[in-house]
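Residue numbers (this note's numbering): 277 to 516.
See the structure below:
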């Protein structure tokens with residue numbers, strides 16, 4: 277925060293985030309990204325419970341509970357010299373490790389539906405598209421190295437790309453090569469039913485099950501068989 281006249285453009289007094297959170301809780305996301313200089317200032321606030329606005333002569337007493345989050349192991353950041361050990365021990369009084377999204381498969385679909393609903397409020401007049409069974413399977417199969425942020429980005433993009441009431445696998449575009457959550461569910465990118473290699477890839481991922489492969493490609497089983505014949509590709513022995 278700053279006092280009125282503390283610098284050019286400071287036409288009125290403004291309270292800072294920590295002062296605003298007085299008697300409450302302040303959430304510090306990605307705390308590992310703080311420069312060492314700011315880490316030192318944060319440590320002083322945590323220990324002294326005093327903040328001083330820019331241009332102020334006297335500090336303000338605050339009573340704030342801090343909750344910090346990071347997608348990195350702070351202990352490793354301390355060992356690497358990127359995070360202050362004293363600040364780490366002040367923040368690590370109680371720690372809670374949240375498993376990566378790939379280990380919480382049951383949460384993927386509810387989160388995707390929530391993100392789709394929010395995205396639809398601004399892009400589709402509130403009409404949220406549903407996810408097809410194949411799209412849901414694809415969401416579950418992906419390893420989500422970017423966790424929640426990546427899921428939100430993928431879903432928001434799918435809502436923009438989707439012109440109908442249902443999101444299909446083709447609209448789920450991943451920014452990074454996916455890592456499989458299960459050996460039989462490897463999906464490296466959106467599969468194209470007009471590409472011979474993608475037809476074979478879908479069948480391989482579905483262990484030769486024609487119905488599942490067709491669903492993954494967003495086409496019918498009969499269309500899948502017709503495409504295999506069109507490109508002179510072998511039909512799998514396993515029927516489905």
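Heads up, the beta-carbon is just placed ideally off N, CA and C, and yes, glycines get one too.
Compare the Cα-Cα distances from residue 387 to each of 361, 349, 432 and report the closest residue.
-> 432
Kindly indicate which residue of 448, 487, 507, 397 has the alpha-carbon position closest to the one of residue 473.
-> 507
Cβ-Cβ separation, residue 385 to residue 396 (assumed contact under 8 Å), whole Å | Wrong, their Cβ atoms sit about 16 Å apart, outside the cutoff.
How far does the beta strand (DSSP E) with residue 343 in it reach, from first residue to last?
-> 341-344
Spatially closest choice to residue 492 from 468, 316, 338, by CA coordinates | 468
Does the Cβ of residue 407 have 16 or more other Cβ atoms within 10 Å, making it buried, or fewer, making it exposed?
-> buried
Determine the DSSP secondary structure at residue 302, reduced to helix, strand or coil.
-> strand
Which same chain residues, not among the five before or five after residue 489, have their C-beta less than 7 Å away from its C-beta?
-> 478, 479, 482, 500
State buried or exposed for residue 365, treating a residue as buried only when at least 16 other CB atoms are found within 10 Å of its CB.
-> exposed
Report the option in 354, 435, 303, 420 whose CA atom is closest to the CA atom of residue 345.
-> 303
Report back the beta-carbon spacing between residue 340 and residue 283 to the nearest angstrom; my notes put them in contact at under 8 Å.
-> No, residue 340 and residue 283 are not in contact; Cβ-Cβ is about 25 Å, not under 8 Å.
Give the range of the alpha helix (DSSP H) segment to which residue 382 is assigned.
-> 381-399
To which residues of the same chain is residue 497 closer than 6 Å at the C-beta, ignoring the five residues directly before and after it?
-> 486, 487, 490
Could you check if residue 376 is buried or exposed, using at least 16 other CB atoms within 10 Å of its CB as the buried criterion?
-> exposed
Closer than 6 Å by C-beta to residue 229: which residues in its own chain qualify, once you throw out the five before and the five after it? Chain order, please.
-> Given that the chain is displayed from residue 277 to residue 516, the structure contains no residue 229 and the question cannot be resolved.
Residue 352, DSSP secondary structure in three states | helix
Secondary structure of residue 337, DSSP reduced to three states | strand
Give me the Cα-Cα distance between residue 437 and residue 374, rounded to the nearest whole angstrom.
-> 31 Å
What's the gap between the Cα of residue 429 and the Cα of residue 510?
-> 37 Å
Cβ atoms of residue 327 and residue 281: under 9 Å apart, would you say?
-> no
For residue 349, is the classification buried or exposed, using 16 other Cβ atoms within 10 angstroms of its Cβ as the cut-off for buried?
-> exposed
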